[in-house]
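In the numbering used here, the protein residues as written are 1 to 134.
First the structure, in the form of structure tokens, and then the observations on it.
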């Protein structure tokens, strides 16, 4: 008997990595391993790259094995480039956080209809099924 629609597996969900998830996969951290082994495409936001650059400049982060540009070209994920006007208008609607990078990441995932991989408790609570917990 052929599988029904309910039992047939669909394509894996598309996932946008938040900044911590990106770092954890890049550094081989235990919290990123399940995503690194995942079947399906992972995506990175330009907002995460900018956030990492801010952290580097502030002396709050040291990257192992490369620079921000290297992260953008890593084959484990794709750098997504949503249209800025639509993306930022979505970010205007995310009024429950004052963190500009959280706003941009949530808006990016919402604009694309993707899940956001995060360990941030507030994001997990606010996004529900749109989030993947790390």
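Positions of the beta carbon are idealized from the N, C-alpha and C atoms, including for glycine.
| Unbroken alpha helix (DSSP H) runs of length 4 or more, entirely within the stretch 30-59: which are they? | 33-36, 46-57
| Counting Cβ pairs closer than 8 Å, one from the stretch 59-73 and one from the stretch 93-104, do we hit at least three? | no
| message | Within 10 Å of its beta-carbon, does residue 92 have 16 or more other beta-carbons around it, so buried, or fewer, so exposed? | response | Here residue 92 is exposed: its Cβ has fewer than 16 other Cβ atoms, across all protein chains shown, within 10 Å.
| query | Do you know how far the Cα of residue 131 is from the Cα of residue 125? | reply | 9 Å
| field | For residue 27, three-class secondary structure by DSSP | value | coil
| Just the Cα atoms here: how many angstroms apart are residue 40 and residue 95? | 31 Å
| said: I'd like to know whether the C-beta atoms of residue 72 and residue 49 end up nearer to each other than 8 Å. | reply: yes
| query | Under the DSSP definition of a beta bridge, which residues are partnered with residue 132? | reply | Partner(s): 117.
| query | For residue 88, which residues of its own chain have a beta-carbon under 6 Å away from its beta-carbon, when the five flanking residues on both sides are left out? | reply | There are no such residues.
| For residue 109 and residue 12, the rounded distance between their alpha carbons | 15 Å
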